[in-house]
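Residue 55 in the working numbering sits at position 61 of the sequence shown; the count goes up by one each step and never skips.
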Amino acid sequence: MDVPVPIFYRRCCSYYVVSVLFVCTGNAARSQMAEGWLKSMKPGLTVQSAGTNPEGLGSRAVKAMLEIGLDISDQISKYLNDVPWKEVDYAITLCGSANEICVTMDWPEKCVREHWPIADPVSDDEYIKARDEISDRIKDFVNRMI
C-alpha cells in the first residue's frame, strides 16, 4: 500500500502540512462526503470533518460515495469540539446552521474560513446532487490551493 506523501506549503521560512476541516450540523452526509472527496484528491493533506450536533455517518452518504468508487464507511461522525479545530488552516462550513455557530468561534488568525451552502439531502437523488456539487467545490478549492 502506498503511503500518501504529505502536502507541504511554505509559509515564511518553514513548511507544514495543510489541514482542512469540513463542518455541518450532523456530520452525517455533506461534511463526510467532502472529507472523502478531498482525501481522495489530495491524500497528503490532513482532512477532517465534524458536526455541531453529530448524528452518525449516514448510510445514504456512504452509498452515494460508493457509487463513484469512494468508500467513506470507515469515517466517524464527531463533535466539532472533539477535533483540533484551533489548529486547522481551512475551515469550511457546508450548511447555514453550522456556519452561524462557526462565525462566533475564535478561529486562529491563520485559518481561512469558507462557507459552501449545500442543501441538506433527503432523497437518493438529492444525495447524488449534493455529492456532485461537493465534488465541484472540492476541485475548485484544490485548484485555488495550487
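Ideal Cβ placement from N, Cα and C applies to all residues, glycine included.
Rounded to whole angstroms, the gap between the alpha carbons of T40 and P48 is 20 angstroms. Between D83 and V14, the CB-CB gap stays under 8 angstroms.
Distances from the CA of K133 to each of G20, T19, K36 were compared; the closest alpha carbon is that of K36. Remark: C-beta atoms of G38 and K72 do not approach each other more closely than 8 angstroms. H109 and A124 have their C-alpha atoms roughly 15 angstroms apart. Distance from L88 to R24 at the Cβ level is roughly 4 angstroms; contact confirmed, criterion being Cβ atoms closer than 8 angstroms.
Contact annotation: A85 and R107 have beta-carbon atoms nearer than 8 angstroms.
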